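Protein chains in written order, with our numbering: chain A, 1 to 99; chain X, 100 to 413; chain W, 414 to 982; chain S, 983 to 1200. Before any comments, here is the structure.
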Amino acid sequence: MSHHISTLPTLLSVAGALLVLTFLTVAVTWINIPEPFNVIVAITIAVVKATAVAMFFMNLYWDSKFNSVVFLLSILFLTIFVVITLLDTLFREGGLPVY
Amino acid sequence: MNRIIEYMLPPQRSTTASDVDSLFTFINVSGFILFMGIMITILIFVIKYRRKSEDDVTPVITHNSILEVAWTVIPIILILIVFSWGFRGYLTLTSPPANAYEIHVSAASWLWQFQYEGGGSTMNEVYVPVDRPVKFIMSSEDVIHSLAIPDFRIKMDVLPNRYTTTWFQATETGESILYCTEYCGTGHSEMLATVHVLSAEDFEEWLETGLEVDEDMPLADVGEQTFTSAGCNACHSLDGTDRVGPSLLNLFGSDRELVDGSVVVADEDYIRRSLIDPQAEVTAGYPANMPSYSGRLNERQIDGLIAFIKELQD
Amino acid sequence: MADSSQKTLRIREFPIDENPGHTYLNHEKGILSWLFTVDHKRIGLLYLGSVILFFFVGGMLALLLRTELLTPAQSIVDADTYNQIFTLHGAIMIFLFIIPSIPAALGNFFLPMMIGAKDVAFPRLNLASWWIYIFGALFALYSIITGAVDTGWTFYTPYSTQTGTSVVSMTLAVFILGFSSILTGLNFIVTLHKLRSPGLSWSKMPLFLWSLYATAVIQILATPILAITVLLLAMERILGIGIFDPSLGGDPVLFQHFFWFYSHPAVYIMIVPAFGIISELISTYSRKTIFGYWAIALSSLAIAFIGFLVWGHHMFVSGQSELSSVVFSFLTFFVGVPTGIKIFNWVATMYKGSIDLKTPMLYALAFLFLFTIGGLTGIMIGALSINVHLHDTYYIVAHFHYVMMGGTVIAMLGGLHHWWPKMTGKMYNEFWGRITCGVIFLSFNMTFLPQFIMGSQGMPRRYFNYVDQFQGLHQFSTIGSYLLGVGFVMMAVYLLWSLFKGPKAPSNPWKARSLEWMTSSPPTHHNFEYTPVILHGPYDHHKPMKEFRMGVAEESESPDVIEIDKDPA
Amino acid sequence: MANQSVATEKKSHLQHHFVDEDQQFESSKMGMWIFLVTEVLMFGGLFVAYIIYRAWHPDLFYEAAQELDVALGATNTVVLIASSLTIALAIRAVQLDKIKAAINYMAATILLAGTFMVIKYFEYMDKFGKGIYPGESYTYDGLEHEMAANFFSIYYMMTGLHGIHVVIGMVLIGWMIIKAKKGLVHSGYYTPVENTGLFWHLVDIIWIFLFPLLYLID
Ligand code: HEA
Ligand code: HEA
Ligand code: CUA
Ligand SMILES: [Cu+2]
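Right under this line is the structure:
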């Protein structure tokens, strides 16, 4: 298997994109987006940034697909953890735990 | 089979118990049949196909679709039955009727306190009417406890930061045992209480009179009674042996060394303070985990305890 | 998947050395050559020795527990000591014994051999994982010395944040042990993906390896959550961060979610490797192709996956929302389906076999008996309304001993006997092996069957004192546990005897078909003298034994043709 | 698949149980990815705590986040992105056998990581100065919310664990510089550098999520 060597333009443009997105994620807080869309926007931008890092800095794009599967598994199981736990914490009869 | 299962389970003393028990029986019986089926098949195979010679040749059988579908589908059907049955029972167990008689339960390491609608309270004993739904509204003062009454087939954790509830409707008068089933430390296995199921009239009568104290009883006797009813015996012995807390024998009048090094004399006032605000003066060598009895004991009971402890000299 | 199109091999039979002079055992000498070995076989033995040691420690603690429970009131220890003993018994048995037991000991030894590799992918990491394990064990020991722990192995908050015992060092021990477990899992996954011999496709992998693969996946995905849980718990005690402690605004039920998100999948870390061993045993001692290879292989993965969705069945009465209780109960039952598929496939494998009731096969049958009881009672307590009655009673204690002791430990003993000749090069005494298996089987049932009855009657667990009503059953159980101890002493005696005085083992005493038997007993330092090429499946019992000698390749000088050199000159 | 080959020739860094360099490289990388999975899940536990508490107390998160300095957080984000770039360039340089350049890029990465830690240090000190400590030692009274301390506990746990990873990353990169100086890595064998890079990028990715979740709540 030949090793992938990233070209300079790729690396630089990915970094550039990341910087732009960082600016964007701060910038959207200046305009007031209502709950819960502000969170959604922030997370979407973060996901895009993370994907860019994973694909081009971490070479997943060129790598064996198995490694991508491995990485996605971690996200999948984290999601399972969050969603099922929320099934409890959001639906408790007594409401919020009191302090 | 029924006899065995009856032997296995405690008596059914609540309206919900019989449904739980039927499901218990159903799983036991169907599980037993399934289990015996598997074991007998194995036994037959072991006998029939035991090795006859070193060069036995065995056939290649890698799958059999009918069988495989069968042993996938039949268990799925069984579990769906079991799930929905258990689910139905659980719905009943978690939906107290609106007209239930409410008792507030407060758990602390390691005692149970029950407060009735009228305002009175009991410790480690709870009196409930028969044939009438009773709802426990529970909270804990420290760690998690769990209230379980096997005769009623109920159990619910008691949490320190919010209220949890459970309910039952007793079907016969008598006494049942109440356990703490969430591990809560040293006295966990002694955190028991008795459930007294009374007939409707007896219960009304008890509410009238039972919560009151006998005015004529000598103070020291009141103290002796309180000592067990308030659960002091979980932590204090009367014969000089150490439990969680120091023994109360010869306590009165002695010098007590506290964790901060100071020494106080165990007089009436000191004992009162030990009950109302135990954490303020902690005796050296013991954990600071005695619960506060402020609001749990009335004046007469406290006086009684003091009188009782005073007499404990040998 | 052998891509013979690109690389070509000359395959030739080579005789197995029945009297190897040079083996992994005498390859190097001295204690240091063991402690710092990177040979997976020696690391496997290091692990085996350590887990057996901790099993004995945990077992002695169990006998203490049982002795205390002879009488309803105090018998030999006081309440606090009792609480510490069951905590240590649980924690040692879980974290120091059963989690590393099969994968790290037998798995380490046989995984590379079964795929014809010389070692695991990262030998030094493998050694590191053993050292980390020992380090974690020392930490656990340290917390015992500095005041023990009395929280139960579940560390529930807020009790664990308030008790005066050394919880912090114990949680750190668990953290470290988790690390060791992760490294083993990581190593196995990479090894299975990258180091299989030519011809050893996924469909020719022994089922033991499939089960180790599924286990490794769980180890990777669940253990990090345990790590962060115990870390947060330690921080709760050190800094009072108030995530789990209600007196600081935290939520104790959230702790239980964190804990069981690991600890439920962990029960499949314990049992799935045992399933793998059973597949090997049943097929070998029935001399028959395994029934439903893919069903068994994939059901391990299915169990691993579903196992992640059901953790809340430990929390039905904890105060979690009713909605989640219902969802958890529903999902819980679905683990039973793939597990059942395995059981039925094993039984079907025995059909028309040539069954020989050697000691390992007896253990396999004992496993089928005990684990099925344990599993079916799991279904019982998974049912919501029944769980309310049975939660935290001895019924639960009986359930998990049936699956862990009756399942995993019994399977591990079966595997130990099965592979004993290969590991040590010595045969044990078959007669005593069978007798001991019988003793353990009977006394195990004597110990834990009464606990089902006690639990149904309402006897709560973690009880130092109990109401008089249960005394008879408790005493029966205690006597059973002593007999269990006798059983293990018997085993220790005949195994040690075999080590020193036992007859020499042939390379393949059971006529098994998988690869680890195609080399000498004990194996040489590099497992195989030549790179094996796999032409047959691991369960091809219908093919004559002599064909199996062939799947071994010699490195070819002129790589242009496949030669199958049937009769060696 | 690479594992099917039977090569005879052995090269310098090849361990005896591997067949060839490719197999060894691929194995190490797969091992690293699996390790990263465990890292993601470990941090994931904290994210779960974060999500649960935010769902319970949205007002708390809104209020308490005002105490965090967006400018510093954003600067740190940029710093980490830059460091991700330099480490990627370092790997590229090793692949092209430009060892000198690689060392410089790695040194730059360490420098950027150091910058990150220094900024973090000032942020922490600023908080400590106000009495915003993790957990029970919290004494700040500028926030109304009764659970303000809990927010900062989560904040300190997340950034603290991340900070520890930054430090580990710095050590690893430092070690790679030593390796490079000794000539132990080159285009034919650069597995450790590659894996260190993967680790470093993960640290970056985690920060990419921490930044909006902790600082940008409005
Ligand atoms: C090796 C470990 C192991 C294994 C494999 C299992 C397997 C299972 N366990 Fe168990 N369990 C524990 C270890 C284990 N458990 C431990 C340690 C605890 C207590 C922890 C503590 O609190 O300290 C516990 C507690 C526990 C509880 C919580 C009890 C409580 O505290 O209230 C529950 C509830 O659902 C449960 C269920 C199950 C189920 C459904 C399975 C299933 O996987 C079983 C599947 C198997 C079968 C079903 C049998 C074979 C199948 C057939 C013969 C086919 C036919 C089947 C059907 C018709 C369904 N277990
Ligand atoms: C792998 C897991 C595992 C194993 C194998 C065992 C094995 C045993 N366990 Fe344990 N157990 C747990 C895991 C395990 N346990 C867990 C997780 C808990 C819950 C803890 C908690 O609540 O936090 C528990 C709790 C538990 C309790 C409940 C305590 C309580 O709730 O109050 C009891 C009580 O009977 C018990 C008994 C036993 C017995 C008799 C054995 C026997 O099978 C042991 C057999 C082994 C030996 C006997 C030792 C070997 C032999 C010798 C050392 C030779 C010397 C012997 C003689 C000279 C006689 N265990
Ligand atoms: Cu209260 Cu156990
Ligand atoms: Cu479970």
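No residue lacks a Cβ here, since even glycine has one placed at the ideal position from N, Cα and C. Computed from a predicted structure; not experimentally measured.
As assigned by DSSP and simplified to three states, the class of residue i
i                  : result
glutamate 303(X)   : helix
methionine 1129(S) : coil
alanine 199(X)     : coil
serine 245(X)      : strand
leucine 483(W)     : coil
leucine 73(A)      : helix
aspartate 1186(S)  : helix
threonine 932(W)   : coil
leucine 357(X)     : strand
methionine 255(X)  : strand
serine 731(W)      : coil
valine 83(A)       : helix
proline 945(W)     : strand
tyrosine 1122(S)   : coil
threonine 937(W)   : strand
threonine 382(X)   : strand
proline 513(W)     : helix
serine 984(W)      : The structure shown has nothing for residue 984(W), since chain W only spans 414 to 982.
proline 863(W)     : helix
Beta-carbon contacts of residue i that lie in its chain and below 7 Å, excluding the five residues immediately before and after
i                 : result
methionine 872(W) : Thr806, Tyr807, Tyr879 and Phe883
methionine 1(A)   : Confidence is the limiting factor: at methionine 1(A) the pLDDT is only 42, short of 50, which leaves the residue's position unreliable and the question unanswerable from this model.
asparagine 600(W) : Val533, Ala534, Phe535, Leu538 and Asn539
arginine 847(W)   : Thr772 and Leu775
aspartate 402(X)  : Leu318
Cross-strand partners of residue i (DSSP beta bridge)
i                    : result
serine 275(X)        : Val294(X)
serine 220(X)        : Gln214(X)
histidine 1168(S)    : Tyr1171(S)
phenylalanine 267(X) : Val233(X)
valine 204(X)        : Phe213(X) and Met237(X)
serine 676(W)        : Partner(s): none; serine 676(W) has no beta bridge.
isoleucine 768(W)    : Arg149(X)
asparagine 539(W)    : DSSP lists no partner for asparagine 539(W).
valine 362(X)        : Glu356(X)
lysine 914(W)        : DSSP, once it has assigned bridges, lists no residue as partnering lysine 914(W).
tyrosine 226(X)      : His295(X)
8 Å CB neighbourhood of residue i in its chain, flanking five on each side removed
i                : result
glutamate 431(W) : Pro919, Ser920 and Ser933
leucine 1196(S)  : Ala1047, Leu1050, Gly1055, Tyr1137, Met1140 and Thr1141
leucine 1125(S)  : Glu1045, Ala1046 and Glu1049
glycine 1165(S)  : Ile1081
Own chain residues within Cβ distance below 6 Å of residue i, not counting five before or after
i                  : result
isoleucine 691(W)  : Ala777, Phe780 and Ala824
isoleucine 1081(S) : Ala1162
valine 296(X)      : Val227, Val229, Ala269, Thr272 and Gly273
Quiz item: Quick one: complete alpha helix (DSSP H) runs, 4+ long, within the stretch 770-846 of chain W?
Solution: 772-795, 797-803, 807-816 and 823-837
Exercise. Output the residue ranges of the alpha helix (DSSP H) runs that lie fully inside the stretch 1003-1074 of chain S and measure 4 residues or longer, sorted by chain position.
Key: 1003-1038 and 1040-1047
Exercise. Taking a Cβ distance cut-off of 7 Å, strictly less, list which residues of the stretch 1182-1199 of chain S are near chain A, in chain order.
Key: His1183, Asp1186, Ile1187, Ile1190, Phe1191, Pro1194 and Leu1198
Quiz prompt | Residues in the stretch 998-1013 of chain S having any Cβ partner in chain W nearer than 9 Å | solution = His998, His999, Phe1000, Val1001, Gln1005, Gln1006, Glu1008, Ser1009, Ser1010, Met1012 and Gly1013
Quiz item: If contact means a Cβ-Cβ distance below 8 Å, which residues of the stretch 69-86 of chain A contact chain S?
Solution: Val70, Phe71, Leu73, Ser74, Ile75, Phe77, Leu78, Phe81, Val82, Thr85 and Leu86
Practice problem: Please name the residues in the stretch 697-716 of chain W whose beta-carbon is closer than 9 Å to at least one beta-carbon of chain X, in chain order. | Solution: Tyr698, Ser699, Arg700, Lys701, Thr702, Ile703, Phe704, Gly705, Tyr706, Trp707 and Ala708
Self-check item: Sequence ranges, alpha helix (DSSP H) only - wholly within the stretch 535-604 of chain W, length at least 4
Solution: 536-558 and 572-575
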